[in-house]
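There are 2 protein chains.
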Amino acid sequence: MSDKPVFKQAQPGRAVEDVSLQIEAAIMGGMFLPGDKLPSERELQVQFGTGRGVIREALRILKQKDLVEVKKGSRGGAFVKEADVANASASLSLFLKQKKIDPEQLIVFRESIDKTITMLAVAQGSAEEKNRLYEKSLEFKALISEENLNMDLIGETDRMLNTLLAKMSKNPLFVWIMQAIQLGFSSYDYALYEEDHYRRLTVNNWIDTAREIKNGEIMKALSYVGYHYSLLRKCINEKNGESIDKETRCLTIEE
Amino acid sequence: MSDKPVFKQAQPGRAVEDVSLQIEAAIMGGMFLPGDKLPSERELQVQFGTGRGVIREALRILKQKDLVEVKKGSRGGAFVKEADVANASASLSLFLKQKKIDPEQLIVFRESIDKTITMLAVAQGSAEEKNRLYEKSLEFKALISEENLNMDLIGETDRMLNTLLAKMSKNPLFVWIMQAIQLGFSSYDYALYEEDHYRRLTVNNWIDTAREIKNGEIMKALSYVGYHYSLLRKCINEKNGESIDKETRCLTIEE
DNA sequence: TTCCTGTAATGGTACTACCATAGTCGCCGC
DNA sequence: GCGGCGACTATGGTAGTACCATTACAGGAA
Numbered sequence: 002m003s004d005k006p007v008f009k010q011a012q013p014g015r016a017v018e019d020v021s022l023q024i025e026a027a028i029m030g031g032m033f034l035p036g037d038k039l040p041s042e043r044e045l046q047v048q049f050g051t052g053r054g055v056i057r058e059a060l061r062i063l064k065q066k067d068l069v070e071v072k073k074g075s076r077g078g079a080f081v082k083e084a085d086v087a088n089a090s091a092s093l094s095l096f097l098k099q100k101k102i103d104p105e106q107l108i109v110f111r112e113s114i115d116k117t118i119t120m121l122a123v124a125q126g127s128a129e130e131k132n133r134l135y136e137k138s139l140e141f142k143a144l145i146s147e148e149n150l151n152m153d154l155i156g157e158t159d160r161m162l163n164t165l166l167a168k169m170s171k172n173p174l175f176v177w178i179m180q181a182i183q184l185g186f187s188s189y190d191y192a193l194y195e196e197d198h199y200r201r202l203t204v205n206n207w208i209d210t211a212r213e214i215k216n217g218e219i220m221k222a223l224s225y226v227g228y229h230y231s232l233l234r235k236c237i238n239e240k241n242g243e244s245i246d247k248e249t250r251c252l253t254i255e256e
Numbered sequence: 002m003s004d005k006p007v008f009k010q011a012q013p014g015r016a017v018e019d020v021s022l023q024i025e026a027a028i029m030g031g032m033f034l035p036g037d038k039l040p041s042e043r044e045l046q047v048q049f050g051t052g053r054g055v056i057r058e059a060l061r062i063l064k065q066k067d068l069v070e071v072k073k074g075s076r077g078g079a080f081v082k083e084a085d086v087a088n089a090s091a092s093l094s095l096f097l098k099q100k101k102i103d104p105e106q107l108i109v110f111r112e113s114i115d116k117t118i119t120m121l122a123v124a125q126g127s128a129e130e131k132n133r134l135y136e137k138s139l140e141f142k143a144l145i146s147e148e149n150l151n152m153d154l155i156g157e158t159d160r161m162l163n164t165l166l167a168k169m170s171k172n173p174l175f176v177w178i179m180q181a182i183q184l185g186f187s188s189y190d191y192a193l194y195e196e197d198h199y200r201r202l203t204v205n206n207w208i209d210t211a212r213e214i215k216n217g218e219i220m221k222a223l224s225y226v227g228y229h230y231s232l233l234r235k236c237i238n239e240k241n242g243e244s245i246d247k248e249t250r251c252l253t254i255e256e
């Protein structure tokens, strides 16, 4: 009983935070490795000298932080999870939903990230990955040429291409930020796929971008990425332009 | 009793998630505005038809998401909070701590963000902000010229300058990502301030950067930003060159 | 062997009681 | 009349118990 970590007794008034932090520290400190099972709630209750409610709330925090995963039944319990970008992405997503971010600000942010990723992808991506990206973009064109458009599949394909691109940067931070953006910002992006005109331009632009990445033409690839966001700006302006005209920006894309 | 929002009765087995999601939806839907007080735990317990423990765990989730703030005592309760970047930043910070990110990847990520912010700051920042940034950088130089160096204050000043710069982009997303980076990655950055040689170079570089931003010289400013990260890379290499332990290649991302 | 059932461990929920805290309000003394 | 102090009360925080639901596992039956 007393041979194990022996957590400190929690002090009243902030017992939940106390317990939560101690367990988190133990996980971070390597006392529990991914896949390990924490003691059962009833045992932690004894080790910390608290009620079971405190333990449950503390575990709820850790679960919310995506540090542990809880299973029911015999041999169940709280298991330490592998670190994942999903939770951090969800947090940004929540933030984006709460604050009403100006679409233009989101576009600026995303465009800068996208261009950096593109540069890195050209430099770091393997030939295989580049070919794969190009093939997928060609499949994308076939997808929107079908009779009955599957909008869900189209959105998923767009996300897939972006994720593919982000992974080619070989930098998990960009993969994370791309996921976060897709979670919190996707609705704007899909505007491009709603109308036939923009849909064709966008998909063709994906192909152009992928091709230049494959060919190692950084500047051309960046140019196409810029064109993507020019399209997006114009598309969104058109949709909003029905009611508001005065603040339409002068990005002017002539095709 | 039935005149109010009347949450749906929670279904057993996942009552906590049920309650949490319903309350979150109510907040998102504008049923509760920032500053509003949610019903007391004992009242929610009745409205949802659950035990109080379920309500407490659900509120714990919302608190963890930074959606509500809980006060004790009479007239206490759960109050809806204003959306803030702090929580999302903390999530990224946690992610960075869990995954041992390669230092070079962090530098690449941060450098790209920093350069984008710099460009936006030149374009969007007001003259007043630019002057303020420049003055603060000059004060920074005075700070490191003193007899007894206050390392905490130096670190704080560096953070302050970065935050100032991020705000000049007029884009909350960059402010957020800068906060997140500073939370999860700051101790690493401070390597530049540990040794006198790099400290002087870095601070002088801050002044150069701020001056060029003030003068609207985008390319020069970007050049100085690039120099900052050249310094950081060299500094890190030197430090690892001495006491590299081949397994301690992980930067010290601890808190 | 295979399948089924009982059993035990564990999380999920309900309920109660009590403590700690912090506003509120009214009583008391001046 | 005024000010301060103390009781009151609503509310979150914690402890403890009991019971239900789920799941893995062992041991027996076919």
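These protein sequence lines map, in sequence, to chains A and B. Following the working numbering, the numbering of the first sequence begins with 2 at its first residue and continues without gaps. Following the working numbering, the numbering of the second sequence begins with 2 at its first residue and continues without gaps. From the three backbone atoms N, C-alpha and C, an ideal C-beta is built for every residue, glycine too.
Would you identify the three-state DSSP class for Phe49/B, choosing helix, strand or coil?
Taking the second sequence and counting its residues from 1, the one referred to as residue 49/B is at position 48. In the structure shown, Phe49/B sits in a helix (DSSP, three-state: H, G or I).
At the level of alpha carbons, what is the spacing between Gly30/B and Leu39/B?
The residue labelled residue 30/B in the question sits at position 29 within the second sequence. The residue labelled residue 39/B in the question sits at position 38 within the second sequence. Their backbone Cα atoms lie some 14 Å apart in a straight line.
Quick one: give me the first and last residue of the alpha helix (DSSP H) that Glu196/A is part of.
Counting from one through the first sequence, the residue named residue 196/A turns up at place 195. That residue, Glu196/A, is in no alpha helix (DSSP H); it is neither H nor E in DSSP.
Is the number of C-beta pairs between the region 188–205 of chain B and the region 229–236 of chain B that are closer than 8 Å three or more?
yes
Please confirm whether Val259/B has its beta-carbon closer than 8 Å to some beta-carbon of chain A.
Given that chain B is displayed from residue 2 to residue 256, the structure contains no residue 259/B and the question cannot be resolved.
Compare the Cα-Cα distances from Val1/B to each of Gln23/B, Ser231/B and Ala211/B and report the closest residue.
This structure leaves residue 1/B out entirely; chain B is present only between 2 and 256.
Check each residue of the region 206–235 of chain A: if its Cβ is closer than 9 Å to any Cβ of chain B, include it; give the result in chain order.
none
Sequence-distant residues of the same chain with beta carbon closer than 7 Å to Ala128/A, five excluded per side:
The count along the first sequence starts at 1 and reaches residue 128/A at position 127. Closer than 7 Å at Cβ, skipping near neighbours: no residue.
Excluding the 5 residues preceding and the 5 following Asp37/B in the sequence, name in chain order all residues of the same chain whose CB lies nearer than 8 Å to its CB.
Here residue 37/B is taken as the residue at index 36 of the second sequence, counted from 1. Phe80 and Val81.
Rounded to a whole number of angstroms, what is the C-alpha to C-alpha distance between Ile155/B and Pro173/A?
The sequence position of residue 155/B within the second sequence is 154, counting from 1. The sequence position of residue 173/A within the first sequence is 172, counting from 1. Looking at the two C-alpha atoms, the distance is approximately 30 Å.
Of all the residues that make up the region 169–186 of chain A, which are near chain B by a beta-carbon distance shorter than 8 Å?
Listed by position along the chain: Lys171, Asn172, Pro173, Leu174, Phe175, Trp177 and Ile178.
Got a sec? Which residues, its chain only, sit under 7 Å from Phe8/B by beta carbon, not counting five neighbours each side?
Counting from one through the second sequence, the residue named residue 8/B turns up at place 7. Answer for Phe8/B: Gln23, Gln48 and Phe49, listed in chain order.
Below-8 Å beta-carbon distance, Ala124/A vs any chain B residue
Here the question's residue 124/A lines up with position 123 in the first sequence. It does not; no Cβ of chain B falls within 8 Å.
Compute the Euclidean distance between the alpha carbons of Gly14/B and Lys73/B, then round it to the nearest angstrom.
As a first step, residue 14/B must be located in the second sequence, where it is residue number 13. As a first step, residue 73/B must be located in the second sequence, where it is residue number 72. Going by the C-alpha atoms only, they are around 29 Å apart.
Burial state of Ser21/B (16 or more Cβ within 10 Å):
In the second sequence, residue 21/B corresponds to position 20, counting from 1. That one is buried.
Min CB distance Gly31/B to chain A below 8 Å
To locate residue 31/B, count along the second sequence from 1; it is residue 30. Taking Cβ atoms only, chain A never reaches closer than 8 Å to Gly31/B, which makes this a no.
If I'm right that Val55/B touches Val17/B with Cβ under 8 Å, what's the distance once you round it to whole angstroms?
On the second sequence, residue 55/B is found 54 positions in, with the first residue counted as 1. On the second sequence, residue 17/B is found 16 positions in, with the first residue counted as 1. Indeed they touch by this definition, with Cβ atoms about 5 Å apart.
Does the Cβ of Ser113/B have 16 or more other Cβ atoms within 10 Å, making it buried, or fewer, making it exposed?
As a first step, residue 113/B must be located in the second sequence, where it is residue number 112. Counting the other CB atoms within 10 Å of its CB gives Ser113/B a total of 16 or more, which places it among the buried residues.
Does any residue of chain A have a CB that is nearer than 8 Å to the CB of Glu58/B?
For this step, residue 58/B is matched to residue 57 along the second sequence. Taking a beta-carbon distance threshold of 8 Å, Glu58/B counts as an interface residue toward chain A.
Given this structure, state the Cα-to-Cα distance separating Lys64/A from Ile145/B, to the nearest angstrom.
By one-based count along the first sequence, residue 64/A stands at place 63. By one-based count along the second sequence, residue 145/B stands at place 144. Between Lys64/A and Ile145/B, the C-alpha separation is close to 44 Å.
Leaving out five residues before and five after Leu45/B in sequence, what residues of the same chain have Cβ atoms less than 6 Å from its Cβ?
What you label residue 45/B is simply residue 44 of the second sequence in a count that begins at 1. So the list reads Ile56, once near-sequence residues are dropped.
Between Asn241/B and Tyr191/A, what straight-line distance do the alpha-carbon atoms span, to the nearest angstrom?
Position 240 of the second sequence holds residue 241/B. Position 190 of the first sequence holds residue 191/A. The straight-line gap from Cα to Cα measures roughly 46 Å.
State the Cα-Cα distance for the pair Ile178/B and Met32/A, rounded to the nearest angstrom.
Here residue 178/B corresponds to residue number 177 of the second sequence, with the count starting at 1. Here residue 32/A corresponds to residue number 31 of the first sequence, with the count starting at 1. Distance between the alpha carbons of Ile178/B and Met32/A is about 30 Å.
How big is the Cα-Cα spacing for Met120/A and Lys171/A?
For the purposes of this step, residue 120/A is taken as residue 119 along the first sequence, with counting starting at 1. For the purposes of this step, residue 171/A is taken as residue 170 along the first sequence, with counting starting at 1. C-alpha separation (whole angstroms): 12 Å.
Excluding the 5 residues preceding and the 5 following Ile219/B in the sequence, name in chain order all residues of the same chain whose CB lies nearer than 7 Å to its CB.
On the second sequence, residue 219/B is found 218 positions in, with the first residue counted as 1. Here the set comprises Met120 and Val123.
In angstroms, rounded to a whole number, what distance separates the CA positions of Tyr230/A and Lys137/A?
Residue mapping note: residue 230/A aligns to position 229 of the first sequence, counting from 1. Residue mapping note: residue 137/A aligns to position 136 of the first sequence, counting from 1. Within the model, the alpha-carbon separation for Tyr230/A versus Lys137/A is close to 20 Å.
For Phe80/B, which of helix, strand or coil comes out of DSSP?
Locating residue 80/B in the second sequence gives position 79, counting from the first residue. Correct three-state label for Phe80/B: strand.
Residue environment, Asn151/B, which counts as buried when at least 16 other CB atoms sit within 10 Å
The sequence position of residue 151/B within the second sequence is 150, counting from 1. Asn151/B is exposed by the Cβ-count criterion.
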